[in-house]
Amino acid sequence: MEEMNHTITIYQDDAPIYDIYIREDLHDLANALYGLKIENRKLFIVTESTVASYYLEALKEALRPLGRFVHAYVFPAGEQNKNLDIVRGIYTFLIEQKADRNDVIFALGGGVTGDLAGYTAATYLRGIRFVQMPTSLLAMVDSSIGGKTGVDFDSYKNMVGAFHQPSAVYMNLSSLLTLNERQYLSGFAEVIKHGLLCDAPLYAWMKENREALLARDLPVLQEMITRSCLDKKAIVEKDPKEKGDRALLNLGHTIGHAVEKCKDFTLLHGECVAIGTVAAAYLSWKREMITKEEYLEIKDTFANYHLPVNVSGLSSQEILSASKSDKKMDGGHVKFILLEEIGHAVIRRDVEDAELLSAIDSILVE
Ligand SMILES: NC(=O)c1ccc[n+]([C@@H]2O[C@H](COP(=O)([O-])OP(=O)(O)OC[C@H]3O[C@@H](n4cnc5c(N)ncnc54)[C@H](O)[C@@H]3O)[C@@H](O)[C@H]2O)c1
Ligand SMILES: [Zn+2]
1 MEEMNHTITI YQDDAPIYDI YIREDLHDLA NALYGLKIEN RKLFIVTEST
51 VASYYLEALK EALRPLGRFV HAYVFPAGEQ NKNLDIVRGI YTFLIEQKAD
101 RNDVIFALGG GVTGDLAGYT AATYLRGIRF VQMPTSLLAM VDSSIGGKTG
151 VDFDSYKNMV GAFHQPSAVY MNLSSLLTLN ERQYLSGFAE VIKHGLLCDA
201 PLYAWMKENR EALLARDLPV LQEMITRSCL DKKAIVEKDP KEKGDRALLN
251 LGHTIGHAVE KCKDFTLLHG ECVAIGTVAA AYLSWKREMI TKEEYLEIKD
301 TFANYHLPVN VSGLSSQEIL SASKSDKKMD GGHVKFILLE EIGHAVIRRD
351 VEDAELLSAI DSILVE
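Here's what the structure looks like:
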């Protein structure tokens, strides 16, 4: 395959709005930020405790020659901190530091940091610029692109949020080397999902390159992340505010989110996406959209990335109720994503409870 360009530009209404830099280290950061005119601006890094211990100093060093001054706000790592109390803490910090409309926030971390810092940037002074610097695989292939920001509210995931596009996304792939194995593997679920829903060649490539990817071979990861981002780009550019086809990205998420909730968030998001996608593939087989062999093969693909393909200790009824309280409802009907074929997902609003229950049963074990 020809040399890939690892810079991707996201457009809206035919105008470029931001670039995604997929690099092995921080060497190109100054170049990435050049167009943002940050020389006389204050730069604020928002990050969490774990990521800060590895990468905060390096980012500060890289930013110091570029901006007027660099300050950091560090919150405790973990999904339970993606809430309005932490947002409030960041507002206070920004006000004390006299952050104004032209200053810039850098979100350094996984999806929790990107969503939280992005939401703060979306709302502080009615919106200031922010740069996504994703450090987890999930954040690189999924959450850092597309402009969805938000926080959890009580037990409701992502209940409060805003669309706010980053000014740039800069990925330092070598940061993936410190991610723990379980977190690392969970990121692959969203990539396999992207392949299944719109990119059959990526899906096939994921099967062929498994060993290099599991070994964290950076050039191979760079190709995977680039391809996955190009898929997400195509979808979010067509439908930036999720009025239509962007919902295809929710393949595996109706049942996946329900499992995540019923398991009290002890399973990782990507793990639940794997389980939910297998359930969606089962339904697609039962509706004779894909073959049984394809369904079984999808299951194997997730399992080969050491992702779970079933779940224990839950009843189908509780998963059903949880999936119906998900945000993805549309006038009382679940908007369910099925596979028309491998590489082509479709939205269906006619999936009845009995069918959902059979799909849920297919992923339950004792
Ligand atoms: N905005 C969107 O479009 C979108 C899409 C998908 C998911 N999300 C959100 O993303 C979040 C999940 O993202 P996540 O899995 O990245 O969670 P996360 O940010 O909590 O990161 C996962 C774990 O990995 C650690 N970590 C991150 N980078 C590391 C590194 N380089 N080295 C060592 N440890 C590192 C973190 O401290 C954390 O413990 C959820 O809140 C989800 O709702 C948002
Ligand atoms: Zn997801």
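Per my numbering, the sequence shown starts with residue 1, numbered consecutively.
We treat Cβ as the ideally placed atom computed from N, Cα and C, and that holds for glycine.
All of these numbers come straight from a predicted model, not from anything done at the bench.
What do you get for residue i, buried or exposed, if any count of 16 or more other CB atoms within 10 angstroms of its CB means buried?
i: Gly331; result: exposed
i: Val365; result: exposed
i: Arg227; result: buried
i: Thr266; result: exposed
i: Met159; result: exposed
i: Tyr34; result: exposed
i: Phe69; result: exposed
i: Gly127; result: exposed
i: Ala354; result: exposed
i: Asp25; result: exposed
i: Gly244; result: exposed
i: Glu208; result: exposed
i: Lys238; result: exposed
i: Pro166; result: buried
i: Thr113; result: buried
i: Thr291; result: exposed
i: Lys241; result: exposed
i: Asn250; result: buried
i: Thr9; result: exposed
i: Gln80; result: exposed
i: Asp264; result: exposed
i: Lys193; result: buried
i: Asp100; result: exposed
Roughly how many angstroms separate the alpha carbons of residue i and residue j, rounded to a whole number?
i: Met289; j: Arg349; result: 16 Å
i: Ser175; j: Glu57; result: 13 Å
i: Phe75; j: Glu352; result: 43 Å
i: Ala15; j: Ile45; result: 28 Å
i: Ala345; j: Ala215; result: 30 Å
i: Leu213; j: Leu221; result: 6 Å
i: Ile86; j: Ile95; result: 14 Å
i: Val311; j: Lys42; result: 47 Å
i: Ala139; j: Arg287; result: 33 Å
i: Arg23; j: Ser53; result: 21 Å
i: Cys262; j: Ser325; result: 12 Å
i: Ile347; j: His71; result: 44 Å
i: Lys148; j: Glu294; result: 32 Å
i: Ala122; j: Leu296; result: 43 Å
i: Glu211; j: Val334; result: 37 Å
i: Met1; j: Glu223; result: In this prediction, Met1 scores a pLDDT of 47, lower than 50, which makes its location untrustworthy; no coordinate-derived value is stated.
i: Ser323; j: Ala258; result: 5 Å
i: Val278; j: Gln12; result: 33 Å
i: Leu357; j: Leu268; result: 23 Å
i: Asn5; j: Asp361; result: 43 Å
i: Gly67; j: Tyr170; result: 17 Å
i: Leu230; j: Tyr18; result: 13 Å
i: Thr7; j: His27; result: 14 Å
i: Gly313; j: Gly89; result: 38 Å
i: Arg64; j: Gly256; result: 42 Å
i: Arg246; j: Gly276; result: 18 Å
Is the beta carbon of residue j closer than 9 Å to that of residue i?
i: Lys232; j: Val141; result: yes
i: Gly252; j: Ala234; result: no
i: Phe130; j: Ala107; result: yes
i: Leu196; j: Ile298; result: yes
i: Ala62; j: Leu36; result: no
i: Ile20; j: Ile145; result: yes
i: Leu283; j: Ala168; result: no
i: Thr120; j: Tyr91; result: yes
i: Val51; j: Ala77; result: yes
i: Leu116; j: Val151; result: yes
i: Ser136; j: Gly109; result: yes
i: Leu185; j: His306; result: yes
i: Leu84; j: Phe153; result: yes
i: Gly111; j: Pro134; result: yes
**Report entry** Residues surrounding ligand 2 [beta-carbon distance to nearest heavy atom under 7 Å]
**Finding:** Asp142, Glu190, His253, His269, Val273
Query raised in the report: Counting pairs of beta carbons, one from the segment 179-195 and one from the segment 48-67, are three or more of them closer than 8 Å?
Result: no
Query raised in the report: Is the segment 267-278 in contact with the segment 183-196, if contact means three or more CB pairs nearer than 8 Å?
Result: Flag = yes, the segment 267-278 and the segment 183-196 touch.
Query raised in the report: With a cut-off of 8 Å, do at least 3 Cβ pairs link the segment 300-314 to the segment 336-345?
Result: no
Query - Inter-stretch contact at 8 Å, needing at least 3 Cβ pairs: the segment 197-212 / the segment 306-322 - result: no
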